[in-house]
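Enquirer:
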Amino acid sequence: MPEKKEKTTRRDFLYTASFTVGAVGLGATIWPFIDQMNPDKSVQALATTEVDISNIEPGKSITVLWRGKPVFLKRRTQDEIAEARAVSLEELKDPQKDEDRVKDGKDEWLVMLGVCTHLGCVPLADKGDYKGWFCPCHGSHYDVSGRIRKGPAPVNMEIPKYEFVDNNTIKIG
Amino acid sequence: MSEHEYQPKSKVGKWFNDRLPLLSLASHLTDYPTPKNLNYWWTFGGILTFCLVTQIITGIVLAMHYVAHADLAFSSVEHIMRDVNYGWLIRYIHSNGASMFFLAVYIHIFRSLFYGSYKSPREVIWIIGILIYLLMMAAAFMGYVLPWGQMSFWGATVITNLFSAIPLVGESITTWLWGAYSVDNPTLNRFFSLHYLIPFLILGLVVLHIWALHVPGNNNPVGIDIKKPSKDTVPFHPYITIKDLFALLMFMIIFSGFVFFAPNVLGHSDNYIPANPMVTPAHIVPEWYLLPFYAILRSVPDKLGGVILMFSAIFILLILPWLDTSKVRSSVFRPIYRQFFWILVIDVLLLGYMGAMPAEGIYLLLTRVGTIYYFLHFLVVLPVVGYLEKTDPLPVSISDPIMTGGANISLAKKNDKSI
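Protein chains in written order, with this note's numbering: chain A, 1 to 173; chain B, 1001 to 1419.
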């Protein structure tokens, strides 16, 4: 503490105490008005989707809606898997192995959010310079593993939390 | 306000005015001394007030028929267009009114830039004006989402995703804005609520804008300080009211032209397709009045960088009064700045055009050049030209060069041409 100029008075204490209590009270009052804008219980309740994948041929993909966002489920051919794994990590903007983007033993299934990580558009399948996806909004190119290769998007397309319920069903969320 | 001495004639008026001086305010507004040389570029303040009132009235009426729900919004807009009596007219006035509002505000802003109206002592008027412009963009963006067409949905997706570029908390902020994990019904609901709120915030700021204007009084095409009231000024009413009214009528002819003959020419046809979260339209473009900023966003090959640059392009206007180092207000007497002013106008128009084109090849290159020039204008050209420029001599008063002639005769001619 520097030199004491004046003694702390009872009034100083009351100012500080009432200001502190007031600030905490104000914060506690404001919080419900901010938090009411976050996803509510009914939105959170729709947080899982089960998908039947028995009818998807190799090389084909389907798109399902999960939490209001499209999810791509692509059954990749062996060539596509080989191509995705041949890429060296140094070439990637957001380095990630293809193995880390699929489930062990389910290499042919790529399940990812069909949402461009730039500004949220839905990329088009089998387009772009890397035979994966191409976002028409601002020109981001993704490869067959959904990794960003060219354009303004900062990271790879997101892999949601999912599991294989059985061989023909995937549960997303 | 200078009318302290104003006294109502009637006893009742005096009684009321002593308790709430509304009559003094009315008298101030009527007699308000205005430079006598204001040209038609000064009529856009009145035109903008008209635009705001029009948007509020048509908006309140539309809200009586519109349903803010993801399943019903699109149909309720079609219901307004087909079933509601004169619904088509009211909606077309509202949707084209937004474009007319921006057309007028851009002219108003460039008027300020040309005649130096943002300079001392009018910085606060300018800053409030920029805040109004920001709120206008927010209101227009949210209003465009309400019909819940494809452009509504994907425009909302792209713009709200801008906030996801913020490091660490970006994702939480976008989820909070959406009230869901994507643009969805909660988003539509809150956008409707805020779209109804913002015009009244704008109205409040407009009152402050005009209040701040009435402290120093209007700038004028010559840009010099004038004595008020004097032979250089005229009372606001009837001189300015009638001039504003005439300009407003001309403006309304253009406005009506759009409403009755080309009501959809400024919109995008994709917005007549109901919102579909599974398919993004091939070309997402914002409304024309946001295109220059959209072009700046796309010119940067980095997400966060693009977002920062886009917001900077708007916020840089807030410090404009301190970036311009020239003491001379009007470009009429600034031969160098005047040329840069027109280059800036062309640059902004170019950026607007590029914003509507695909972000690739020659377009992307030109967009980058345009973006760099935009910032160079404010950060380099304005401060440097202010120091180096040799400005033309200023007249002593608005009336003097014309009335006295003599040594100022050449100046008088110059003024005649440019006013």
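Even glycine gets a Cβ: it sits at the ideal position worked out from N, Cα and C.
Source: prediction; values computed, not measured.
(1) How about the segment 62-72 of chain A and the segment 1194-1212 of chain B: do they share at least three Cβ pairs that are nearer than 8 Å?
(2) Does residue 32 of chain A come within less than 8 Å of chain B when only Cβ atoms are used?
(3) Is it buried or exposed for residue 74 of chain A, if we count other Cβ within 10 angstroms and need 16 for buried?
(4) What does residue 1161 of chain B touch in chain A if you count any residue whose Cβ is under 8 Å from its own?
(5) Cβ atoms of residue 1327 of chain B and residue 1043 of chain B: under 8 Å apart, would you say?
(6) Hey, which unbroken runs of the beta strand (DSSP E) at 3 residues or more fall wholly within the segment 64-132 of chain A?
(7) Using 8 Å as the threshold, is the C-beta distance between residue 1076 of chain B and residue 1065 of chain B below it?
(8) From the beta carbon of residue 67 of chain A, is the nearest beta carbon of chain B less than 8 Å away?
(9) What residue does the alpha helix (DSSP H) around residue 1353 of chain B start on, and which one ends it?
(10) So who's on the other strand from residue 62 of chain A, going by DSSP bridges?
(11) Look up residue 1049 of chain B in the DSSP assignment and say whether it is helix, strand or coil.
(12) Looking at the unbroken alpha helix (DSSP H) that takes in residue 1078 of chain B, where does it start and where does it end?
(13) Using only the alpha-carbon positions, how far apart do residue 1384 of chain B and residue 1116 of chain B sit?
(14) Could you check where the alpha helix (DSSP H) with residue 1383 of chain B kicks off and where it finishes?
(15) Between residue 988 of chain B and chain A, is the shortest Cβ-Cβ distance under 8 Å, so that the two count as touching?
(16) Is the beta carbon of residue 1090 of chain B sitting closer than 8 Å to the one on residue 1049 of chain B?
(17) Taking Cβ-Cβ distances shorter than 7 Å, what residues in chain B pair up with residue 63 of chain A?
(18) Distance check for residue 1386 of chain B and residue 1012 of chain B, CA to CA, integer angstroms please.
(19) Using the DSSP secondary-structure output, state which residues sit across from residue 154 of chain A in a beta bridge.
(20) How should residue 89 of chain A be labelled, buried or exposed, when 16 other C-beta atoms within 10 angstroms of its C-beta is the threshold for buried?
(21) Please look up how many angstroms separate the CB atoms of residue 1271 of chain B and residue 1147 of chain B, rounded, as I've assumed it's under 8 Å.
(22) Identify the contact partners of residue 1324 of chain B in chain A, using a Cβ-Cβ distance below 9 Å as the criterion.
(23) Under 9 Å between beta-carbons, which chain A residues line up against residue 1176 of chain B? List them in chain order, please.
(24) If you measure beta-carbon to beta-carbon, which residues of the segment 145-157 of chain A are closer than 8 Å to chain B?
(25) At least one CB of chain A closer than 8 Å to the CB of residue 1411 of chain B: is that the case?
(26) According to a CB-to-CB cut-off of less than 8 Å, which residues of the segment 1296-1323 of chain B neighbour chain A?
(27) Would residue 38 of chain A and residue 1179 of chain B be called neighbours here (beta carbons separated by less than 8 Å)?
(28) Counting only beta-carbon separations shorter than 8 Å, does residue 160 of chain A have a partner in chain B?
(29) Residue 43 of chain A versus chain B: which residues are under 8 Å apart at the beta carbon?
(30) So what does DSSP say about residue 1106 of chain B, is it helix, strand or coil?
(31) With a threshold of 7 Å on Cβ separation, who are the neighbours of residue 155 of chain A within its own chain once the five nearest residues in sequence on each side are excluded?
(32) Within 10 angstroms of the Cβ of residue 1294 of chain B, are there 16 or more other Cβ atoms? Answer buried if so, exposed if not.
(33) Tell me which residues share the same chain as residue 1313 of chain B and place their Cβ nearer than 7 Å to its Cβ, disregarding the 5 neighbours each side in the sequence.
(34) Among all the DSSP beta bridges, which residues are the ones paired with residue 141 of chain A?
(35) To the nearest angstrom, how far is it from the Cα of residue 1219 of chain B to the Cα of residue 1382 of chain B?
(36) When the Cα atoms are used, what is the spatial distance from residue 1341 of chain B to residue 1377 of chain B?
Expert: Well, looking at it:
(1) Too few Cβ pairs lie closer than 8 Å, so no.
(2) Not closer than 8 Å to any Cβ of chain B, the Cβ of residue 32 of chain A fails to qualify, so no.
(3) The residue is buried, with at least 16 neighbouring Cβ atoms inside 10 Å.
(4) The answer, in chain order, is 118, 119, 120.
(5) Pairing residue 1043 of chain B with residue 1327 of chain B gives a Cβ-Cβ distance that is not under 8 Å.
(6) Taking only runs of at least 3 residues, the beta strand (DSSP E) segments lying wholly in the segment 64-132 of chain A are 69-75, 109-113.
(7) In contact: residue 1076 of chain B and residue 1065 of chain B (Cβ atoms closer than 8 Å).
(8) Judged by the 8 Å Cβ criterion, residue 67 of chain A is in contact with chain B.
(9) From DSSP, the alpha helix (DSSP H) with residue 1353 of chain B extends over 1335-1356.
(10) Beta-bridge pairing links residue 62 of chain A to A:73.
(11) Helix, per DSSP.
(12) Per DSSP, the unbroken alpha helix (DSSP H) holding residue 1078 of chain B starts and ends at 1073-1082.
(13) Their backbone Cα atoms lie some 16 Å apart in a straight line.
(14) Run containing residue 1383 of chain B: 1382-1388, per the alpha helix (DSSP H) assignment.
(15) Beyond the ends of chain B as shown, which are 1001 and 1419, falls residue 988 of chain B; an answer cannot be given.
(16) Against a cut-off of 8 Å, the Cβ pair of residue 1049 of chain B and residue 1090 of chain B comes out as no contact.
(17) 1278, listed in chain order.
(18) Rounded to whole angstroms, residue 1012 of chain B to residue 1386 of chain B spans 55 Å at the Cα level.
(19) According to DSSP, residue pairing for residue 154 of chain A in a beta bridge does not occur.
(20) So residue 89 of chain A counts as exposed.
(21) Rounded, the Cβ-Cβ distance is 6 Å, consistent with contact.
(22) Annotation: residue 1324 of chain B has no Cβ neighbours in chain A at a cutoff of 9 Å; minimum Cβ distance is about 33 Å.
(23) Those within 9 Å of residue 1176 of chain B in chain A are 34, 35, 37, 38, 39.
(24) Only those residues of the segment 145-157 of chain A whose C-beta falls short of 8 Å from the nearest C-beta of chain B are listed: 151, 152, 153, 154.
(25) Any reading at residue 1411 of chain B needs caution, since the residue's pLDDT is 49, under 50, leaving its predicted position unreliable; the model's value is listed next. Contact with chain A is absent for residue 1411 of chain B, since none of that chain's Cβ atoms lies less than 8 Å from the residue's Cβ.
(26) Residues passing the 8 Å Cβ filter: 1298, 1300, 1301, 1302, 1303, 1304, 1306.
(27) Closer than 8 Å, so yes.
(28) Judged by the 8 Å Cβ criterion, residue 160 of chain A is not in contact with chain B.
(29) Result: 1179, 1180, 1181, 1184, 1186.
(30) In the three-state scheme derived from DSSP, where H, G and I count as helix and E and B as strand, residue 1106 of chain B is classed as helix.
(31) Within the same chain, residue 155 of chain A has close Cβ partners 94, 117, 148.
(32) Looking at its Cβ environment, which holds 16 or more other Cβ atoms inside 10 Å, residue 1294 of chain B is buried.
(33) Spatial neighbours of residue 1313 of chain B in its own chain (CB-CB distance under 7 Å, excluding positions within 5 residues in sequence) are listed in chain order as 1293, 1296, 1374.
(34) Under DSSP, residue 141 of chain A forms a beta bridge with A:134, A:150.
(35) When rounded, the distance between both Cα atoms is 20 Å.
(36) Spanning the alpha carbons of residue 1341 of chain B and residue 1377 of chain B requires a straight line of approximately 9 Å.
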